[in-house]
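Numbering (our numbering), first residue to last: 526 to 591.
Beta carbons: idealized from backbone N, C-alpha and C, even for Gly.
In this text, all values refer to a predicted model and were calculated from it rather than measured experimentally.
To start, the structure under review is shown below, and the notes come after it.
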Amino acid sequence: MTTATRFRDSTQIVLPGDALVGLRSAIDERFIVTVRQEDNLIRIIGSPSEIKQVGQFLSRNGILVA
526 MTTATRFRDS TQIVLPGDAL VGLRSAIDER FIVTVRQEDN LIRIIGSPSE
576 IKQVGQFLSR NGILVA
């Protein structure tokens with residue numbers, strides 16, 4: 526059975542607020558996701574396949590995604 530936490534982890538990436546400096550516009554242009562600034566966090570929300578691709582993109586650009 527799928528848990529809510531597992532589903533949430535596959536549909537969002539949460540990063541520190543300054544993690545996307547210089548990459549935000551590239552993410553907006555390349556992927557179909559919502560990027561929200563929440564206090565000192567950035568939340569990237571999208572379908573599991575888009576989140577996987579964004580995670581790979583971030584990793585290639587030196588941002589660790591857990």
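Which of helix, strand or coil DSSP assigns to residue i
i	result
residue 583	helix
residue 576	helix
residue 552	helix
Of the residues the options, the one placed nearest residue i, counting alpha carbons only
i	options	result
residue 539	564, 555, 550	564
residue 541	567, 583, 588	567
Bridge partner(s) assigned by DSSP for residue i
i	result
residue 545	Bridge partners of residue 545: none, in fact.
residue 559	570
residue 588	Its beta-bridge partners do not exist; DSSP assigns none.
Nearest-angstrom Cα separation, counted from residue j out to residue i
i	j	result
residue 573	residue 552	15 Å
residue 570	residue 576	7 Å
residue 537	residue 586	18 Å
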